[in-house]
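A.B. asks:
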Amino acid sequence: MIREQTKPNIEFHTPVMVHEVLNYLVITNSVKKLDQEPMYIDATLGGGGHSKAILDIIKKGIVIGLDCDSDAIDYAKTRLSKYSNLHLYQMNYTELDKVAKEFPDYYLDGVLFDLGVSYYQISTPARGFTYNADGPLDMRFNQSMPQARALEIVRHSSLPELKKIFFEYGEERYANKIAQHIFNHRQQINTTLDLVRIICEKTPSHQQTKTLSRIFQALRIAVNHELENIKIGLERSIQLLVKGARIVVISYHSLEDRITKQTFRHYAQENIIKVLTKKPLRPTLAEITINPSARSALLRAAEKI
Ligand SMILES: C[S@@+](CC[C@H](N)C(=O)[O-])C[C@H]1O[C@@H](n2cnc3c(N)ncnc32)[C@H](O)[C@@H]1O
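One gets the numbering used here by counting positions in the sequence shown from 1 and adding 610 to each.
(1) For ligand 3, is there any heavy atom lying closer than 7 Å to the beta carbon of residue 713?
(2) Hey, could you find the ends of the beta strand (DSSP E) residue 856 is sitting in?
(3) Give a single yes or no on whether residue 829 has its beta carbon closer than 7 Å to a heavy atom of ligand 1.
(4) Can you check DSSP and say which residues form a bridge with residue 835?
(5) Would you say residue 744 faces chain B, with C-beta separation under 8 Å as the test?
(6) What is the rounded straight-line gap between the Cα of residue 666 and the Cα of residue 740?
(7) If we call anything under 8 Å between Cβ atoms a contact, is residue 867 one with residue 890?
(8) Just to confirm, is the Cβ distance from residue 716 to residue 676 under 8 Å?
(9) Tell me which residues share the same chain as residue 898 and place their Cβ nearer than 8 Å to its Cβ, disregarding the 5 neighbours each side in the sequence.
(10) With distances taken Cα to Cα, identify the nearest neighbour of residue 920 among 767, 777, 819, 820.
(11) Taking the DSSP output, what are the residues bridged to residue 793?
(12) Would you call the CB atoms of residue 916 and residue 835 closer than 8 Å?
(13) Considering only residues of the same chain and omitting the five flanking positions on each side of residue 728, which have a CB-CB separation below 7 Å?
(14) Under a Cβ-count criterion, where at least 16 other Cβ atoms within 10 Å of its own Cβ denotes burial, should residue 736 be classed as buried or exposed?
(15) Cβ atoms of residue 873 and residue 909: under 8 Å apart, would you say?
(16) Work out the CA separation of residue 713 and residue 762 for me, nearest whole Å.
(17) Suppose you measure from the CA of residue 651 to the CA of residue 819; what does that come to, to the nearest Å?
(18) Figure out for me which residue from 858, 885, 711, 913 has the closest Cα to the Cα of residue 628.
(19) Give me the Cα-Cα distance between residue 781 and residue 692, rounded to the nearest whole angstrom.
(20) So what does DSSP say about residue 787, is it helix, strand or coil?
(21) Please give the ranges of any alpha helix (DSSP H) in the region 756-785, keeping only runs that are unbroken, at least 4 residues long and fully inside the region.
(22) Taking the C-alpha atoms as reference points, what is the distance between residue 817 and residue 827?
(23) Confirm, please, whether the CB-CB distance from residue 776 to residue 789 is below 8 Å.
(24) Taking just the CA atoms, how far does residue 646 sit from residue 869?
(25) Given a cut-off of 8 Å on the beta-carbon distance, is the pair residue 733 and residue 690 in contact?
(26) Would you say residue 704 touches ligand 1, meaning its beta carbon is less than 7 Å from a heavy atom?
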């Protein structure tokens, strides 16, 4: 068991369940291919906390860090500049097979997905993810992509589309009522706090925090096509792993976890992987005390057979 205290990296992100990730992902005594070295893909680099932990433990091989947010790449590039075996790419993890092909001398020994948003993204009002401060209704992970921002979704979706987004991606019980109210007042919505005001007008005060969190989550998922991406990313990773290699996924809500569970179950039934976590692992109480953002984390792991 690897035990090392994780220092909170307040400015960008504190990595979650680091010991559990390492224990499942990096099997230090396994030699899968004698003529090649291992490669690990951190599909959601963020502040590079998990990548750093992997780099510190592997004796040979490389780590590839992907993130579609250029702020994450820039931050990790500086923070982890001493590691010559780290390769960073601003890229959607659905394209991880293309990067893996650039390293034919290495075999894929492990892939990590730490889904959701980083602390930096959620706490930077200019990115539009937070309902606690005013900012543009953006919510794109990749700000250089011309995809619809949250503002365009709010302003240009039909009423049935808005209801579907809030109901399916937010699991929000007041989805219909809120969608209708937003639809009626959408010309007044420009910023995050405009949206907050409209949502709160139709939500009982004791429900407001939960509803705001669900509606913002729903818009974020819609803007970034998150659920489609998770399925593609997991499937491509499973195809690429060599026999005995591992995939680890940390989810933060039931929609992400359901896709992981169903994808793992499907490939296990096909005898392509073996699921290593019967039930998802949760962070320890000690970790949640140090880092309350870890409280909803659910970790699942599987091995290629
Ligand atoms: C929870 S953070 C990861 C934190 C990271 N493990 C650490 O230790 O700092 C999730 C990251 O995934 C990135 N992300 C989300 N969807 C992505 C995708 N489809 N492709 C690449 N990166 C993605 C986000 O931009 C964010 O930086």
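Even glycine gets a Cβ: it sits at the ideal position worked out from N, Cα and C.
C.D. replies: On the basis of the coordinates in this document:
(1) Although ligand 3 was asked about, the structure shown includes only ligand 1 as ligands.
(2) 856-861 is the extent of the beta strand (DSSP E) around residue 856.
(3) No; taking the cut-off as 7 Å, the Cβ of residue 829 has no heavy atom of ligand 1 nearer than that.
(4) Partner(s): none; residue 835 has no beta bridge.
(5) Looking at the structure shown, chain B is missing, and only one protein chain is on hand.
(6) The alpha-carbon atoms of residue 666 and residue 740 are separated by roughly 33 Å.
(7) Yes, the Cβ-Cβ distance between residue 867 and residue 890 is below 8 Å.
(8) No, the Cβ-Cβ distance between residue 716 and residue 676 is not below 8 Å.
(9) Within the same chain, residue 898 has close Cβ partners 904, 905.
(10) Given a span of 611 to 915 for the chain in the structure shown, any question on residue 920 remains unanswerable.
(11) For residue 793, which the question treats as bridged, DSSP gives no partner whatsoever.
(12) This structure leaves residue 916 out entirely; the chain is present only between 611 and 915.
(13) Around residue 728, the same chain offers 622, 623, 656, 657, 682 as residues with beta carbons nearer than 7 Å, after the five sequence neighbours per side are excluded.
(14) Per the 10 Å Cβ criterion, exposed.
(15) No, the pair does not count as a contact, with Cβ atoms beyond the cut-off.
(16) Distance between the alpha carbons of residue 762 and residue 713: 39 Å.
(17) For residue 651 and residue 819, the distance between alpha carbons rounds to 35 Å.
(18) Comparing Cα positions, the closest option is 858.
(19) As the crow flies, the alpha-carbon of residue 781 is around 43 Å from that of residue 692.
(20) Of the three classes helix, strand and coil, the one that applies to residue 787 here is helix, per DSSP.
(21) List check, alpha helix (DSSP H) in window: 760-766, 769-774.
(22) Looking at the two C-alpha atoms, the distance is approximately 15 Å.
(23) Yes, Cβ-Cβ distance for residue 789 and residue 776 is below 8 Å.
(24) When rounded, the distance between both Cα atoms is 32 Å.
(25) Against a cut-off of 8 Å, the Cβ pair of residue 690 and residue 733 comes out as no contact.
(26) The beta carbon of residue 704 sits closer than 7 Å to at least one heavy atom of ligand 1.
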